Each structure stands twice: as structure tokens, then as C-alpha cells.
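See below for the structure under consideration.
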Amino acid sequence: MSLRAKTKYVPPNKPAANSGITLFYSAGAVACLWVRLVLAEKDVDGARLQIERPGRPSEDLALLNPTHALPTLADRDTVIYPARVIVEYLDERYPHPPMMPPDPAQRARLRMVLDRIEADLYPLLPAAENPTSASGRDARKRLVERLVASAPLFGGRSWFLGQDHSIVDSAWTALFWKIAEIKLDLPPSADPLRRYAQRAFARAAVAKVMQASR
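Mapped onto this note's numbering, the consecutive letters of the sequence shown carry residue numbers 64 to 277.
Structure, rendered in C-alpha cells:
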């Protein structure tokens, strides 16, 4: 059974102010999607999104970030990367709604989960996009195994750390979005993940990014 990312969201007509923020991103990268989701949750008026081709940076990106890393966030005179640093910066820069727990222990737990997502799950996605190759089949198998092992962590609460949506939820949402795109089949034992993903895809901010990606 596959996840399905879908929405009926219709974006509102709202005048945009100049926030001074520009996000340089790659359309296919899960880390870039994560940052876009957090930016949408923050509902920053006038944020500019500039799509980039990996390996072929625009003049603006090349000038601001000689490493050409994606995603890169430019906030007036401040240039920030990689994705983890960007999302924490956005939460501090735009504190409403808060997306980091106030409790130090919960913050530590959030960061440990993000470490696992970034180290063990995100890196499998590029290979998993090709199910016909040996490396693709292996990546898909490992991705399913790791997701099934994570399924018990998703039961009994609205969001990953409790009742409040956080940056780790946006990180999971980006992963599940990509899983839906590559049509990865998950077994019934992953049902807690599927229900969680359905709640995540129903959020207005997620729907807004989905609509913009079409």
C-alpha cells in the first residue's frame, strides 16, 4: 500500500510584503522540501523562492554562497545553510507559530530524531527513485525496513513529539511526500505512518507547498 500526497487546497489571494528572504532550492531534493514546508508553516509574507539546478547555480546563488549548497537561505545580509541550520534559524527569526519545544529535553530528543532522519533515511531517497536498478531495489528495501521499525513511534499522539507540530514533523512530512512520489509500497505494519502522513498532508501549509509544486 502506497502513501498518496494529495490536496484540495486553494491558495488565498494575499498581497505580499517584502520580507527580504530568498530561498534557493532544488525541486527534487528532500532537504529543500523540508525547508519549504517550514517556511510555509511560518507563513512569511513576501518570501522569495528561487529554483536552482544542482551543479548549475544562478549568478545570485554563486555570489551569495560559493559552495552552491542547496538549500541556501538569504535573509538580507545573512546567508544560511544547510537545511537543519535554516529551519532552526527560521523558527528563531519568526517565532510564531513556535516549531521547537520549549523544554530542553524535548529539544534534545527532536535533534536526535532529526539526526536519524538526515543520516539514515534521506540519503536513501535518490537511489530509491530508480526501482529497476540493483542499488534502487536495495535502497527501497532498506527504506521500508527502517520506516517499519519507526512505526511504533507514531502512535497515540497527534504529532511526533506530542500535541504541537514541530520542525521534526515537517522533516517527516518531506520524507513521506517523496515516498508517495516514488510509489514506495509499505506493509500493513506501517499503518501508523500512513495515518500520520494523512494528517500531515491535510495541513494548510503542506497543501500550499503541494499546490505550488504542481
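Glycine included, every Cβ here is placed at the ideal spot set by N, Cα and C.
Predicted model, so just to flag it, every value in this text is computed and none were measured.
- In the structure shown, the three-state DSSP call for Gln-226 is coil.
- Counting only runs that start and end inside the stretch 191 to 243, the alpha helix (DSSP H) elements of at least 4 residues fall at 197 to 213.
- In the same chain as Arg-156, and ignoring 5 residues on each side of it, the C-beta atoms closer than 8 Å to its own belong to Asp-138, in chain order.
- Straight through space, the alpha carbons of Thr-236 and Gly-219 are spaced by roughly 18 Å.
- By the neighbour-count criterion, in which 16 or more other beta carbons inside 10 Å mark a residue as buried, Ser-233 falls on the buried side.
- By the Cβ criterion, the stretch 222 to 232 is in contact with the stretch 154 to 170, since at least three pairs of Cβ atoms, one from each stretch, lie closer than 8 Å.
- Between Leu-210 and the set Thr-195, Ala-190 and Asp-248, the nearest pair of CA atoms involves Asp-248.
- In the three-state scheme derived from DSSP, where H, G and I count as helix and E and B as strand, Tyr-88 is classed as strand.
- The C-beta of Val-101 has 16 or more other C-beta atoms within 10 Å across all chains shown, which makes the residue buried.
- Under the three-state reduction of DSSP output, Leu-249 falls in the coil class, being neither helix nor strand.
- The criterion of a C-beta distance shorter than 9 Å is satisfied by Ile-180 and Leu-238.
- Here Ala-202 really is in contact with Ala-190; their C-beta atoms are around 4 Å apart, less than 8 Å.
- A check of alpha carbon separations from Ala-268 across Trp-97, Thr-141 and Pro-186 identifies Trp-97 as the nearest.
- When the Cα atoms are used, Leu-188 and Lys-246 turn out to be separated by approximately 12 Å.
- At least 9 Å separates the beta-carbon of Leu-127 from that of Tyr-88.
- Residue range 111 to 114 is occupied by the beta strand (DSSP E) that includes Arg-111, with no alpha helix (DSSP H) assigned at that position.
- By the neighbour-count definition (other C-beta atoms within 10 Å, threshold 16), Ala-92 is a buried residue.
- One thing to note: Pro-160 has its Cβ within 9 Å of the Cβ of Glu-104.
- Secondary structure of Asp-166 (DSSP, three-state): coil.
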